[in-house]
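**Q** If you read the sequences in order, they're chains A and B. One point on numbering: in my numbering, the residue at position 44 of the first sequence is 52, and numbering is uninterrupted. One point on numbering: in my numbering, the residue at position 105 of the second sequence is 616, and numbering is uninterrupted. Glycine included, every Cβ here is placed at the ideal spot set by N, Cα and C. This is the structure I want to talk about, given as structure tokens.
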Amino acid sequence: MLRLDCLRSTYSELENCLVVTIMGAVAAELHSLGHRPNFFYLQHAMGLASSTGLGLALCLPEQRVIVLDGDGSLLMNLGSLSTMARYRPKKLVHVVFDNESLLSVGGFPTATSTGTDLEGIARAAGVPRVATVRSVESFKAAVTGAAHGHELTTIIAKVEATGPAAYVTDLSLLENRFQFRRHIQSLERQ
Amino acid sequence: MPVSLTHSKLIYDGLKECDIRLLSALPETWLVHLIRFADEDPEVILVRLAKEEEGVGVSAGAHFAGVKSAMLMQNHGFLASINGIVSFAHLYKIPLLMLISYRGSFGERDPWQTQGGNVTEPLLRSLGIPYFFLDALDTVKKRIRQAQTLAESSLQPVALLLTRDLMWED
């Protein structure tokens, strides 16, 4: 399963959500499908995409928030699973693309390549709904289900360790950040 | 416990007067009353963290959502947050109001706190983080207000160091 195909399969679903991605392939691939003002790409600070999604979800409980995380990033901040589970915002969807690799720095294997089970960790942390998916169809079904559900959900998507040729996009970090904030302000006025 | 209840209340009231609606926290002795006030306050979202660096992301999310927030941490929690501060708050110009209990400074009895006390101010300076002290009753609210104002106008982290003189009664 390719991450890009997963993203493509759910791209229309992302339109009405606030989306926070990690750096690297996830950001570059989502951006390549077409940037939208409701997408925020956290191009560093590995591990904090899920914390950012939690902050958004706690402050905007009516707003659907989707975090596009990765195994390397999540392993840097496993405590985030326990914090998310503690407050379990009903409209927070936490997608983890698990390619068992730190791809953007040369493909170093992460601990999920030797058996660390992120689904098990998320479940044991107390995340109420957890699933692992291995096909684009099941990915789409899981994300769509979670995006219309009312329970904090973590979806582990097992994907191949391949990514785009380049990671830098033409969207500056600050432009993205201010646009994202403005987008949320425009929602509040509606 | 000789953590000052009245001074903690003063700090909390100062945060409320700045319209702080989300507090992230990881407990430490000097912060117990502040965390309890937040926990009992229906107007404030208290986020109890596993590690302080998460608070950078939580506060960034709150900022994007238009909610003013503050972080309660020990100075060792500040040390644990530095990558998030640099590669999120500084990189993306995120306002952070950090209330940091200044352990390991003059009067510290716990040997394990002393090394962190030595490096707190040098690190704040080297990171270019504006900081000031909460050390006297008559300036607490004003300094919280000033720190919050600067964080919002400059879109950057600003630190208030909670001192022994204010927090501890012995």
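What is the DSSP secondary structure of B/P668, reduced to helix, strand or coil?
**A** Three-state result, B/P668: strand.
**Q** Would you verify that the beta carbon of B/E565 is, or is not, closer than 8 Å to some beta carbon of chain A?
**A** So, interface residue.
**Q** Who are the neighbours of A/R131 on chain B, taking C-beta pairs under 7 Å?
**A** In chain order: nothing, as chain B lies at least about 17 Å away.
**Q** Quick one: is the Cβ of A/L160 within less than 7 Å of any heavy atom of the ligand SAH?
**A** Ligands displayed in this structure: none; no statement on the ligand SAH is therefore possible.
**Q** Out of A/A173, A/A119, A/P117 and A/S90, state which residue places its alpha-carbon closest to the alpha-carbon of A/R131.
**A** The shortest C-alpha separation from A/R131 is found at A/S90.
**Q** Between which two residues does the beta strand (DSSP E) holding A/F186 run?
**A** Segment L181 to R197 is the alpha helix (DSSP H) holding A/F186; no beta strand (DSSP E) there.
**Q** Could you pull out every unbroken beta strand (DSSP E) segment of at least 3 residues lying fully inside the stretch 12 to 39 of chain A, listed in chain order?
**A** Counting whole runs of 3 or more residues, the stretch 12 to 39 of chain A contains the beta strand (DSSP E) stretches 26 to 29.
**Q** Quick check on DSSP: helix, strand or coil for B/F617?
**A** Reduced to three states, the DSSP call for B/F617 is coil.
**Q** For the alpha helix (DSSP H) containing B/H574, name the first residue and the last one.
**A** Element bounds for B/H574: E565 to F575.
**Q** Within the same chain, show all residues whose beta-carbon is closer than 8 Å to that of B/E619, passing over the 5 residues directly before and after it, in chain order.
**A** Within the same chain, B/E619 has close Cβ partners T625, G628 and R675.
**Q** Could you check where the alpha helix (DSSP H) with B/R636 kicks off and where it finishes?
**A** Looking at the DSSP string, the run of the alpha helix (DSSP H) that includes B/R636 is T625 to S637.
**Q** What are the residues that DSSP puts in a beta bridge with A/F199?
**A** This structure does not reach residue 199 of chain A, given that chain A is present from 9 up to 198, and the question cannot be answered.
**Q** Could you tell me the alpha carbon to alpha carbon distance between B/E632 and A/A149, rounded to whole angstroms?
**A** Approximately 51 Å, taken between the alpha carbons.
**Q** Starting from B/V569, find everything on chain C with Cβ-Cβ shorter than 7 Å and list it in chain order.
**A** Here chain C cannot be found, since the structure's protein chains are A and B.
**Q** Could you check what DSSP says for B/D552 in three-state terms: helix, strand or coil?
**A** Three-state result, B/D552: coil.
**Q** Need the endpoints of the alpha helix (DSSP H) that B/R675 sits in, please.
**A** From DSSP, the alpha helix (DSSP H) with B/R675 extends over R675 to M678.
**Q** Taking Cβ to Cβ, would you say A/C14 is nearer than 8 Å to A/V73?
**A** Not a contact, by the Cβ cut-off of 8 Å.
**Q** Which residue from B/V651, B/S665 and B/D681 puts its Cα closest to that of B/L671?
**A** Closest option to B/L671, Cα to Cα, is B/V651.
**Q** B/I546 CB to nearest chain A CB: under 8 Å?
**A** No, no contact with chain A.
**Q** Sort out for me which residues DSSP pairs A/G78 with in a bridge.
**A** Looking at the DSSP assignment, A/G78 forms a beta bridge with A/F105.
**Q** Name the chain B residues whose beta carbon is nearer than 7 Å to that of A/E196?
**A** In chain order: G577.
**Q** Determine the closest residue to A/A174 out of A/S112, A/L181, A/E183 and A/L56, with distance taken between C-alpha atoms.
**A** Of the listed residues, the one whose Cα sits closest to A/A174 is A/S112.
**Q** Below 8 Å on the Cβ atoms is my guess for B/A536 versus B/L560; work out the distance and round it to an integer in Å.
**A** Confirmed, about 7 Å.
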